[in-house]
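Each number in this note's numbering comes from the position in the sequence shown (counting from 1) with 179 added on. Even for Gly, the Cβ is constructed at its ideal location relative to N, Cα and C.
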Amino acid sequence: MRTGAIINDTAGAGNSAAPDVVDVVALGESMVAFLPSRPGRLADVPSFERAIGGAESNVACALAAAGHTARWVSRVGADAFGTHVVERIAGYGVDVTSVTRDPARPTGVYFRTAGDRGTGAHEVAYYRAGSAASAMSAETVDLAAVRACRVLHLSGITAALSADCRALMRTLTTPGPGRPLLSFDVNHRPALWNTADRPLELLDLARRADIVFVGEDEAEEAWGITGGPAAIRAALPEPGVLVVKQGGKGATAFEGNGARVPTPSVGGRAAEATGAPPRWGSLPLERSRERGRAAADGTPPPPAFEPAPNVAVVATTGAGDAFAAGFLSGTLRGLPVRDRLRHGHLFAAAALTAPGDLAAPPARDHADRLCALDDTAWGRLRLGPGWTRAAQEASTP
Numbered sequence: 180m181r182t183g184a185i186i187n188d189t190a191g192a193g194n195s196a197a198p199d200v201v202d203v204v205a206l207g208e209s210m211v212a213f214l215p216s217r218p219g220r221l222a223d224v225p226s227f228e229r230a231i232g233g234a235e236s237n238v239a240c241a242l243a244a245a246g247h248t249a250r251w252v253s254r255v256g257a258d259a260f261g262t263h264v265v266e267r268i269a270g271y272g273v274d275v276t277s278v279t280r281d282p283a284r285p286t287g288v289y290f291r292t293a294g295d296r297g298t299g300a301h302e303v304a305y306y307r308a309g310s311a312a313s314a315m316s317a318e319t320v321d322l323a324a325v326r327a328c329r330v331l332h333l334s335g336i337t338a339a340l341s342a343d344c345r346a347l348m349r350t351l352t353t354p355g356p357g358r359p360l361l362s363f364d365v366n367h368r369p370a371l372w373n374t375a376d377r378p379l380e381l382l383d384l385a386r387r388a389d390i391v392f393v394g395e396d397e398a399e400e401a402w403g404i405t406g407g408p409a410a411i412r413a414a415l416p417e418p419g420v421l422v423v424k425q426g427g428k429g430a431t432a433f434e435g436n437g438a439r440v441p442t443p444s445v446g447g448r449a450a451e452a453t454g455a456p457p458r459w460g461s462l463p464l465e466r467s468r469e470r471g472r473a474a475a476d477g478t479p480p481p482p483a484f485e486p487a488p489n490v491a492v493v494a495t496t497g498a499g500d501a502f503a504a505g506f507l508s509g510t511l512r513g514l515p516v517r518d519r520l521r522h523g524h525l526f527a528a529a530a531l532t533a534p535g536d537l538a539a540p541p542a543r544d545h546a547d548r549l550c551a552l553d554d555t556a557w558g559r560l561r562l563g564p565g566w567t568r569a570a571q572e573a574s575t576p
């Protein structure tokens, strides 16, 4: 797979060669992020450190770091900030060859305080209006490269950027032959929306997806849904898999009998690209006795709740993206739902115990060992800063 920081200088996005099929494609805006050198109001912070931030590219980077093949598709400005964003993401092993430069629009930038998003003291100043990524459309991105994957990951942030982005999201989420398994993170950002259509737009996109991630608090804020995970599932019965994130408490996953799983690749190309029939199917029944019983009597399997481990939080930014990456990693590997949730929690714990939006996930063998713990041992887990690095160092001869 090509991972070099190659950026097309044209506004259009067509490639003559068929793109490589990867495990995951993530489409969305990434920006240069300026992180404060010390706590305090933005008005008082004397200096900032440069980083990058973007929900979808965070997922791609985490999955690439975990050993999966990933592609990020977006647009950046023909400026130094655009070069920095693409080079940083490529540095994680992500394929960035389908990112395009826009000579007329800039790369988005934002500044934030050191406080967490959930506190009243947290401030974020976005400079993304009219950005290159807001001009994404079916005409300005390489749709073949977007669809050449086992899982396509999108988020509600992209839909909020512009009317063109919303139209692109509708195109990508429309059911049809050859559509990859579609993962959608609601990622509700009220400040980005300026229309009354926001709740219905996000709900419609979520109903088109195969896997949906939504926070319990997001569902209440965006759709007014109270009553916990069961009420959210009642409002979103369509997705084969619905994951309701419940903060430090844990997460609940609902599965339908017809939940789709990623198709295996055939000689480096998706089945559809080879002319072979699509190989979507139900999750393997032998993985869960509960699922087998559910399939026999026609009722969906019971929801699966998995508590989050105890984590010494450094910063919450990027934890939701990391959780999605961990869950998708388990999905790509065909793991049972409990392990998919636990991998989500462990990836999130890596992000929670590190500053900035991106953190290296735990090594696969380490994560697998932790996921195999019984419920009592899992409940005793205590994870602090450096826990992923300490495990790697301990395993080094």
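Excluding its 5 nearest sequence neighbours in each direction, A239 has C-beta neighbours in its own chain below 6 Å: A205, A249, W251, V273, listed in chain order.
Between A245 and R517, the C-beta spacing is not below 8 Å. In the three-state DSSP reduction, S313 falls in the helix class (H, G or I). In chain order, G407, P408, I411, V423, K424, Q425, G426 place their CB closer than 8 Å to the CB of E395, counting only its own chain and leaving out the 5 sequence neighbours on each side. Per the coordinates, the alpha-carbon of H263 lies some 12 Å from the alpha-carbon of V288.
The stretch 525-535 makes no contact with the stretch 217-226; the number of CB pairs closer than 8 Å stays below 3.
In this structure the stretch 387-394 lies against the stretch 351-364, because at least three pairs of beta carbons, one per stretch, are closer than 8 Å. Residue range 234-244 is occupied by the alpha helix (DSSP H) that includes L242. Under a 10 Å Cβ-count criterion, G523 is classified as buried, with 16 or more other Cβ atoms of the shown protein chains found around its own Cβ. The beta carbon of R307 sits closer than 8 Å to those of E208, M210, G287, V288, Y289, S313, L340, all from its chain and outside the five residues before and after it, given in chain order. Around A504, the same chain offers V238, A241, L242, F526 as residues with beta carbons nearer than 6 Å, after the five sequence neighbours per side are excluded. The beta-carbon separation of G558 and T532, rounded to 18 Å, does not stay under the 8 Å limit for a contact. In the three-state reduction of the DSSP assignment, T555 falls in the helix class. Contact annotation, T567 with P541: C-beta distance approximately 5 Å; criterion of less than 8 Å satisfied. Counting the other Cβ atoms within 10 Å of the Cβ of N373 gives fewer than 16, which makes it exposed. Per DSSP, A483 is one residue of the beta strand (DSSP E) stretching across 483-486. Cβ neighbours of N489 within its own chain (closer than 8 Å, five residues either side excluded): L560, R561, L562. According to the DSSP assignment, R386 belongs to the alpha helix (DSSP H) that extends over 377-387. Under the DSSP assignment, H332 falls outside any alpha helix (DSSP H), being part of the beta strand (DSSP E) whose first and last residues are 328-334. Counting only the Cα atoms, T279 lies some 16 Å from G233. Apart from sequence neighbours up to five positions away, the residues of its chain that approach T431 with a beta-carbon distance below 6 Å are P408, V423, P482, F484, ordered along the chain. Counted as a single uninterrupted DSSP element, the alpha helix (DSSP H) harbouring T510 occupies residues 498-511. Taking all protein chains in view, the Cβ of L379 is surrounded by fewer than 16 other Cβ atoms within 10 Å, so the residue is classified as exposed. Selection G256, E266, L384 evaluated against R284 yields G256 as nearest (Cα-Cα). Counting only the Cα atoms, A498 lies some 20 Å from P218. The C-beta distance from D343 to S316 rounds to 4 Å, short enough to meet the 8 Å contact threshold.
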